[in-house]
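Peer 1: Have a look at this one.
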Amino acid sequence: MTATRTRYDLTRAELGEMLGGEPRFRVDQIWKGLYEQLSEPSELTTLPKALRARLEAELPSALTTVVERINDDGDTVKYLFELAGGSRIETVLMLYPDRVTVCVSSQAGCAMGCGFCATGQAGFTRQLTVGEIIEQVVRASRKARELNRRLANVVFMGMGEPLANEPTVWAAIERINNDIGLGARHITVSTVGLVPGIKRVTEWPMQVNLAVSLHAANDTLRDDMVPINRRYPLDALMDACADYLEAKGRRLSFEWALIDGVNDRDSDARELAALCRSLPLAAHVNIIPLNPTPGYLTRGTPISRVHKFRDRLEELGVNATVRRNRGTDIDAACGQLAAGQPVQPVSLGRRPSTSD
Ligand code: SAH
Ligand code: SF4
């Protein structure tokens, strides 16, 4: 399906073309209004009324808010947006005491099929456009401003696999950086491990952060948890990570959703530590206690054992942090974004240890 061209889809040159008869300074005024002031065309009161009306008509917003929910603690806001054509996506704004972060979607759904993830359970609908990605950042940034906070961080950890929509994600990042003004070091792309995509990220001229959702450090378990591992097994993935580290000299993070009896054993910690040691620079492990999703009946590791797993990794010389769960009461936590799609429950059994 071809999506409608929305206000953040156009490049500055395309906006200039669209406004053919208007003087150049108008184009600059509109561009700044959209990207720096995060304004709606109707709010650009320095423009003649007729021009504002034209922009409203010809450059529609990409996102219609279906639901905006705030959690009980008031520090997480989840949006359900409808796109042209009726697909739905979710965006999550997280207000930490010291920083404000938005978690954006890169696809409506996801084709990667990780069984423990609500987005994967619902399947793939379509790629997002540049404008649909940028507008999530704009909406979240406006909301933060309303709450007297400033959005400074963007993480591609919402719905979808960003590196399966890489040219679009890259184009959006360039504009989030150049035009909205968020620093590249404050932008993080999380991937399930698409090796060709990681190679392209290594070539990106900007220093964005990369997170790899590892979850398992042997191919047998990872094939099962993250089906794309069958195409890009751990050897190939680690080679791509090593090249990235050598080229960028940046910190790489591994995400590890901790699942009771599946990937929380001592052998898992040892295998993970061995993988980390094989890299030319230290990787940081983010442990995410598994969040419940309707399609996956196996539970997350109880919190006391989550901390033990972290301590074990530290003992083995790996830096690891337990990520605080937030937004579980509004299904806004990692892996819970399904945009209201119904899913069928399945259960992943406990796995025998591979090296205990
Ligand atoms: N597709 C990308 C980015 C989106 S998922 C990726 O997989 O990296 C964002 C993070 O949430 C990933 O690390 C993912 O593995 C994790 N995740 C998925 N389901 C989860 C769940 N039920 N509980 C905790 N984390 C989950
Ligand atoms: Fe897709 Fe990431 Fe969910 Fe896997 S964890 S299904 S790659 S969104």
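Residues 2 to 357 (the numbering used here) make up the sequence shown, in order.
Don't be surprised by glycine CBs; every beta carbon is placed ideally from N, CA and C.
Do you know whose CA, among Ala-218, Thr-189 and Leu-81, lies nearest Pro-234's CA?
Peer 2: That would be Ala-218, whose Cα lies nearest to the Cα of Pro-234.
Peer 1: Taking the continuous alpha helix (DSSP H) assigned at Leu-253, which residues delimit it?
Peer 2: Run containing Leu-253: none in the alpha helix (DSSP H); it sits in the beta strand (DSSP E), 253-259.
Peer 1: Looking at Glu-362 and the ligand SF4, is the gap between the Cβ and the nearest heavy atom below 6 Å?
Peer 2: An answer regarding residue 362 cannot be provided, because it is not within the stretch 2 to 357 covered by the chain.
Peer 1: So which residues touch the region around the ligand SF4, with touch meaning a C-beta under 5 Å from any heavy atom?
Peer 2: For the ligand SF4, the selected residues are Cys-111, Met-113, Cys-115, Cys-118, Thr-120, Gly-121, Glu-162 and Val-193.
Peer 1: Who are the near neighbours of Thr-126 in its chain, counting only those whose CB is closer than 6 Å to its CB and skipping five residues on each side?
Peer 2: Taken in chain order, the residues that qualify are Ser-88, Ala-109 and Gly-110.
Peer 1: Taking one C-beta from the segment 316-326 and one from the segment 128-144 each time, how about it: are there three or more such pairs within less than 8 Å?
Peer 2: With a cut-off of 8 Å, the segment 128-144 and the segment 316-326 do not count as touching, because too few Cβ pairs lie within range.
Peer 1: Quick one, which of Arg-306, Ala-14, Gly-159 and Asn-154 has its alpha-carbon nearest Asn-178's?
Peer 2: Minimum Cα distance to Asn-178 is reached at Asn-154.
Peer 1: Classify Lys-50 as buried or exposed, calling it buried when 16 or more other Cβ atoms lie within 10 Å of its own Cβ.
Peer 2: Lys-50 should be labelled exposed.
Peer 1: Taking its Cβ as the centre, do 16 or more other Cβ atoms sit within 10 Å of Lys-33, making it buried, or is it exposed?
Peer 2: So Lys-33 counts as exposed.
Peer 1: Any chance the segment 185-205 sits against the segment 158-169, with 3 or more Cβ pairs inside 8 Å?
Peer 2: Segments in contact, yes.
Peer 1: Should Phe-26 be labelled buried (16 or more other beta-carbon atoms within 10 Å of its own) or exposed?
Peer 2: Phe-26 should be labelled exposed.
Peer 1: Compute every distance between the C-beta of Ser-191 and the non-hydrogen atoms of the ligand SAH, then say whether any falls below 6 Å.
Peer 2: Because some heavy atom of the ligand SAH lies under 6 Å away, the Cβ of Ser-191 counts as near it: yes.
Peer 1: Grouping DSSP H, G and I as helix and E and B as strand, with all else coil, what is Met-412?
Peer 2: Nothing can be reported for residue 412, as the shown portion of the chain is limited to 2 through 357.
Peer 1: Would Met-158 and Cys-104 qualify as a contact pair, given that the criterion is a beta-carbon distance under 7 Å?
Peer 2: Taking 7 Å as the Cβ cut-off, Met-158 and Cys-104 qualify as a contacting pair.
Peer 1: Just to confirm my understanding: we take Asn-287, look at its own chain, exclude 5 residues before and 5 after, and list those with CB closer than 6 Å. What are they?
Peer 2: Contacts found: Ser-254, Glu-256, Thr-322 and Arg-324.
Peer 1: Would you mind sorting Gly-350 into buried or exposed? The rule is 16 or more other CB atoms within 10 Å of its CB.
Peer 2: With a pLDDT of 37 at Gly-350, under the threshold of 50, the modelled position of this residue cannot be trusted; read the value that follows with caution. Classification of Gly-350: exposed, given that the 10 Å Cβ count is below 16.
Peer 1: Tell me whether His-216 sits in a helix, a strand or coil according to DSSP, three-state version.
Peer 2: Coil.
Peer 1: Quick one: Cα of Asp-180 to Cα of Gly-132, how far?
Peer 2: Asp-180 and Gly-132: Cα-Cα distance of roughly 13 Å.
Peer 1: Classify Glu-1: buried if its beta carbon has 16 or more other beta carbons within 10 angstroms, exposed otherwise.
Peer 2: This structure cannot speak to residue 1, because the chain is shown only from 2 to 357.
Peer 1: Who pairs with Pro-290 in a beta bridge, going by DSSP?
Peer 2: According to DSSP, which records beta bridges pairwise, Pro-290 is partnered with Leu-259.
Peer 1: Does the beta-carbon distance from Thr-7 to Ala-58 come in below 7 Å?
Peer 2: For Thr-7 and Ala-58, no; Cβs fall outside 7 Å.
Peer 1: At what residues does the alpha helix (DSSP H) containing Thr-169 begin and finish?
Peer 2: Looking at the DSSP string, the run of the alpha helix (DSSP H) that includes Thr-169 is 167-176.
Peer 1: If we require 4 or more residues per run, which alpha helix (DSSP H) segments fall completely within the segment 118-143?
Peer 2: Runs found: 119-123.
Peer 1: Kindly give me the distance between the Cβ atoms of Ile-260 and Val-209, rounded to whole angstroms, as I take these residues to be in contact under 8 Å.
Peer 2: 28 Å between Cβ atoms; not a contact.
Peer 1: In the DSSP assignment, find the unbroken beta strand (DSSP E) run with Gln-108 in it and report its ends.
Peer 2: It spans 108-110 - the beta strand (DSSP E) in which Gln-108 sits, taken as one unbroken run.
Peer 1: Can you tell me where the alpha helix (DSSP H) holding Leu-276 begins and where it ends?
Peer 2: Looking at the DSSP string, the run of the alpha helix (DSSP H) that includes Leu-276 is 267-278.
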